[in-house]
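Its first residue numbered 1, the sequence shown is counted upward by one per residue in UniProt numbering.
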Amino acid sequence: MKNAPATFQRLIDRLLDGLQGFACAYLDDIAIYSQTWEEHLDHVGTVLGRIRDANLTLKPEKCKVGMAEVQYLGHRVGCGIQRPEPAKIEAILDWPTPVTKTQVLAFLGTAGYYRKFVPHYSDLAKPLTDLTKKSLPRQVLWSPECEQAFRQLKAALTQAPLLAAPNYNKRFVVHTDASMFGLGAVLSQVGDDGGDHPVAFISRKLLPREVGYAAVEKECLALVWALRKLQPYVYGRSFTMMTDHNPLVWLNRVAGENGRLLRWSLALQPFNFTIQYRPGSQNGNADGLSRQSAREPGDWGAPTTSVRPVGVQPSALDLGEGEECHGMAQHPQPGAVRSDSDMAMDN
């Protein structure tokens, strides 16, 4: 029986094979998204035909058709954006102070589900994740730093920005940053309104051996790690990398003097991107990336360097490093996610 969910998911995946451009499913929750009402009717009819041919049935009272926004897997999704389900955030805000390691893990598991909405989540959660080490006793020592992190995570979730659906007809911009103890990145696009719209936030803690890296190595690690996580979005298309660490602009020149940088430089070769430097005084931290006024990519008036793809497999980005868990908007295949969807069906 333990394989029943996986078996059912495989059935649904086969049912929707070839329809990934407008339909997706998690077990028995099928979402259909379209650009226009006429297109939506056609998409719904196609999916219903597949369900009928497979001799499956639907429960009418659980179906919602023609919705501009739906609740899906703990999120409110529609009109080209997604945000956390308000009821779930309320539950996190009402969470009592943990007193045991198990309770800390439960809180981190719940809050971490929405980490894709929180820039530098790993840095904020570090005092709490440190409490979960196996060497520490079951009863946690709740310090002022832990209380501050507990409150900051709750506040960050209440102020979480909306995430935009990726538009594969527009250029992606990847902002990366490395701090003393963590890595962070923001995937964004410039919208029709000229604003910088975040698509995904990702972050992780530095491993003990990485904490001692030089600044340029940490910044390069952030770049390589970010592209590894965001590969489903950016692989095979031209995009822009933004960094506040000027030496990365000249990565191809400095890499030969450092074996680690040379290895990472080779791992970047499958990607077609331009690195642009933006001073930290203008860049701010990752928290500000989703709120500042955006300018056109390439309008920073700063040095740039281009990296063109060569015959290196994307698997070269597997650094073999044990990472913390990560969060991002979703893992789409190119063309599989449509932006600005205003019609949906949730079963």
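Ideal placement from N, C-alpha and C gives every residue a C-beta, glycine not left out.
Just so it is clear, the structure is predicted and the values come from calculations on it, not from any experiment.
Asked                                                                                                  : Found
Pair within 7 Å by beta-carbon distance, Leu124 and Leu105                                             : no
Cβ distance (whole Å) where Leu27 is taken to contact Pro5 below 8 Å                                   : 6 Å
Span separating the alpha-carbon of Arg76 from that of Glu85                                           : 6 Å
Inter-residue spacing [alpha-carbon to alpha-carbon] between Gly191 and Gly78                          : 16 Å
Thr243 vs Thr176 beta-carbon contact at 7 Å                                                            : yes
Which listed residue (Lys2, Ala165, Leu128) has its alpha carbon closest to that of Glu147             : Leu128
Same chain only: Cβ atoms within 8 Å of Ile12, ignoring 5 sequence neighbours per side                 : Ala25, Leu27, Asp28, Ile30
Meets three-Cβ-pair contact criterion under 8 Å: the region 215-235 and the region 257-268             : yes
For Thr240, the first and last residue of its enclosing beta strand (DSSP E)                           : 238-243
Collapsed DSSP secondary structure at Phe201 in the structure displayed                                : strand
Asn246 - DSSP class collapsed to helix/strand/coil                                                     : helix
Nearest-angstrom Cα separation, counted from Ala156 out to Pro198                                      : 15 Å
Phe172 vs Val234 beta-carbon contact at 7 Å                                                            : yes
Whole-number beta carbon distance between Ser135 and Lys205, since they are thought to touch under 8 Å : Actually they do not touch by this definition, with Cβ atoms about 17 Å apart.
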